[in-house]
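Anchor point for the sequence shown: position 394 equals 394 in my numbering, and the numbering is continuous, going up by one each time.
C-beta atoms are modelled at their ideal positions from N, C-alpha and C, and glycine is treated no differently.
Quick notes on the structure that follows.
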Amino acid sequence: MKRLTRDQVAVEQTWNLDDLFESQEKWEEELGAIEELLPAIVAYKGLLHTGAEELLACLEAEEALGERLIRVHTYASLRLSEEGTNPNNQSRAARVGDLVSKINAALSFIRAEILDLPEGALEVFLAEESGLYPFRKKLLDLYATKPHRLSPETESALASLGEIFAAPYTIYNRGKLSDMSFDSVEDAEGATKPVSFALFESDYEMNSDRTLRHAAYDSFTRTLQSYQHTFAAAYATEVKKQTVLSRLRGYESVTHMLLEPQQVTLQMYHNILDIIGTELAPHMRRFAKLKARVLGLERLSFCDLKVPLDPDFSPPVTIEEAGKTILAALSVMGEEYTEIMERALKNRWIDYVDNVGKSTGAFCSSPYGIHSFILITWAENMRSAFTLAHELGHCGHFMLASKNQRFVNHRSSLYFIEAPSTLNELLLAQHITEQSDDPRLKRWVILQLMNTYYHNFVTHLLEGQLQRKVYEAAGEDIPLTAKNLSEWKGQVLADFWGDAVELDEGAKLTWMRQPHYYMGLYPYTYAAGLTASTAVAAQIKQEGEVAVTRWLEVLKAGGTLSPLELMKLAGVDMSQPEPIRLAVQYVGQLVDDLENMF
């Protein structure tokens, strides 16, 4: 069986990007129109210090351009995600990347002139011109970066290099989605199965057929191994770029630089990595040993970590069935929220199919003023349903924020981003449990929850711990070679799993699998978000509509508040370790329940 090409897949299971642009020609027209807007904005150069009216007019023009730019960028990005092997998609992405770099360079004067305002001038402008109020947070956040700014000429030069700075991630994706090929394998019945990144991570890795699972893992890791030095060079370049920029700007470290836009303290960052890494490990080791016992294995292999413990109770799930269950589960969130979910499920906002060149994993992209687009590879299992619920959580968050906030304020900090998505998963689990008194069903739901916590508290957390090692090494100018990266990843895995999991050489190559390493300090935020959503799910269960109303207000606030303020508004204080410890204890209780049930 061969993987389908994009032109062979069922159209009804793809997203409809005509909602962004009806045709390539319309996209081309908008691309040119956006570039023509630049001179009118550049005309404000040298004038921002002259008064509040000039500053407001410039910021509004920049905002209007940003709204249109995000749409052409999203269209090109989504086309590339659906079929990265298509030369037209590659060309389109390159062209919009060039335009973004040109715009950033041309408009870098805005940031420079705001930072050059005399002491107290910004406060005077804000007091004089009420129209500046929506830009207040952006302006004050920008002003806080003043100690790290470079000369206007240097800032303009750096902005013009945006496409080059994005090259490591582009190279990683090209290798992963366009050039990598994997040997086909046979399942227990002798049927030939194709292997791809998407098929392995969404199906084979958690397949109960041990023959298929191990054969796919061997095929997968063989190919990873053959690309390890190329991928290491790409990642090393990404980290070197960040290291050089942090030093140029006078930050204490890369970590300090990357945390600044997230508005997260160093303590909040380390709390997530240290508390979960240390206190969750014993519970997950118990879970691994439980799996080994139930599966009849002397010791659990790394490629057995995601195998289901009760595969006979997990029948295939269709896209339609999953959609109905998710809508029922999220009905507790009220009509405004569920109406967004219904539109996403019914109006082709979601791309479900697998095809050659399609991006791996899952994501939600939400261009301002349009609607969200979700990418997923449907594997006809309940894990896919939980993943879909997760991405719909992003969709609900971004759509509500965009509806209630201007473009300049609609995006919240990365630290908060994963809370709305993981809450949807927890609500789905609660709903399924409440539908029956069947103890086997309850056990199955707990296993689904364990998948959620494994994904966020283990997979992404251990990515975050590797990142911390990488940035520490970069700060000491230690080379980031494939050998070093594999050794460090192996050590992170060994420290967490102890003697509960048998780690082979392929496990050490896990650093090659995730694109998050090219997105700054993103991985650890999954654990931060799930910590907050664990607390909010408990609130909704206890308080009902009161907690839901409070949470919806948080979602609607978008980027008007810091992540710490957003979570406090939801009743969760992430400046303290207590919510993290309570979430870890909750996972420990889930493992206790499973040990008793099995």
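CB contact flag (residue i, residue j, <8 Å)
i: T422; j: N381; result: no
i: K599; j: L466; result: The displayed coordinates of the chain run from 1 to 598. Any statement about residue 599 would go beyond what the structure contains.
i: H390; j: N424; result: yes
i: F182; j: V501; result: no
i: T534; j: A583; result: yes
i: I41; j: L65; result: yes
i: V548; j: G277; result: no
i: P577; j: I164; result: no
i: S412; j: P579; result: no
i: S269; j: Y524; result: Correcting the residue identity first, residue 269 is Tyr in this sequence and not Ser. A contact, by the Cβ cut-off of 8 Å.
i: K291; j: L309; result: yes
i: L38; j: S101; result: no
i: E418; j: G529; result: yes
i: S156; j: A105; result: yes
i: V546; j: L569; result: no
i: H410; j: G559; result: yes
i: V294; j: F598; result: yes
i: K146; j: L115; result: yes
Same chain, Cβ closer than 8 Å to residue i, five either side skipped, listed in chain order
i: V458; result: L280, M284, F496
i: S366; result: S372, F373, H394, C395, F398, M399, S402
i: Y518; result: P168, Y169, Y172, Y235, E238
i: T14; result: E82, R348, D351, Y352, V353
i: V3; result: Per the sequence shown, the amino acid found at residue 3 is Arg instead of Val. So the list reads P194, S196, L199, D354, N355, V356, once near-sequence residues are dropped.
7 Å Cβ shell around residue i - same chain, five flanking residues per side excluded
i: A93; result: A76, S77, L80
i: A67; result: First, the residue type needs correcting, since residue 67 is Glu and not Ala in the sequence shown. So the qualifying residues of the chain are Y368, G369, F407.
i: L600; result: Given a span of 1 to 598 for the chain in the structure shown, any question on residue 600 remains unanswerable.
i: L248; result: L150
i: G520; result: L258
i: D98; result: E163
i: Q514; result: E463
i: L330; result: Y337, T338, M341, N424, L427
i: T221; result: G506, L509
i: M206; result: K306, V307, P308, R383
i: S184; result: T192, K193, P194, V195
i: K45; result: F109
Opening and closing residue of the alpha helix (DSSP H) in which residue i lies
i: Q491; result: 482-497
i: V587; result: 578-597
i: Y453; result: 439-453
i: H214; result: 210-248
i: G323; result: 319-329
i: I114; result: 108-115
i: Y471; result: 460-475
i: L162; result: The amino acid at residue 162 is misidentified as Leu; the sequence shows Gly. Unbroken alpha helix (DSSP H) run through G162: 162-165.
i: H611; result: Nothing can be reported for residue 611: it is not among the residues displayed for the chain, which extend from 1 to 598.
i: A121; result: 121-128
i: R343; result: 335-346
i: D187; result: Counting along the chain, D187 falls outside any alpha helix (DSSP H), and DSSP gives it neither H nor E.
i: K138; result: 136-143
i: K568; result: 563-569
i: V546; result: 545-556
i: A198; result: 197-202
Expected contact under 8 Å - CB spacing of residue i and residue j to nearest Å
i: Y204; j: R213; result: 6 Å
i: A288; j: L305; result: 7 Å
i: L645; j: L590; result: With the chain covering 1 to 598 only, the question about residue 645 has no answer from this structure.
i: S202; j: A429; result: Wrong, their Cβ atoms sit about 19 Å apart, outside the cutoff.
i: S359; j: G175; result: About 13 Å separates the two Cβ atoms, so there is no contact after all.
i: I110; j: L69; result: Not quite, the Cβ-Cβ distance comes to about 14 Å (not below 8 Å), so this is no contact.
i: W444; j: S575; result: The Cβ separation is near 36 Å, so there is no contact.
8 Å Cβ cutoff, residue i in contact with chain B
i: I114; result: Note that chain B does not occur in the displayed structure, where there is just one protein chain.
Beta-carbon proximity list for residue i, same chain, < 6 Å, skipping 5 on both sides
i: L31; result: V72
i: L485; result: A232, W511
i: V124; result: none
i: Q262; result: S413, L414, Y415
i: T74; result: S365, P367
i: G131; result: L56
i: T243; result: V254, A474
i: E129; result: A52, L56
Contact test: residue i Cβ vs the ligand GTP heavy atom, cutoff 7 Å
i: F363; result: This structure does not include the ligand GTP; it has no bound ligands of any sort.
**Asked** Fully enclosed by the segment 33-103, which alpha helix (DSSP H) runs are 4 residues long or longer?
**Response** 52-82
**Asked** In chain order, which continuous runs of the beta strand (DSSP E) of length 3 or greater are located wholly inside the segment 359-407?
**Response** 363-365, 373-375
**Asked** Whole beta strand (DSSP E) runs in the segment 508-537 with 3 or more residues, listed along the chain?
**Response** none
**Sequence ranges, alpha helix (DSSP H) only - wholly within the segment 255-295, length at least 4** = 266-271, 281-295
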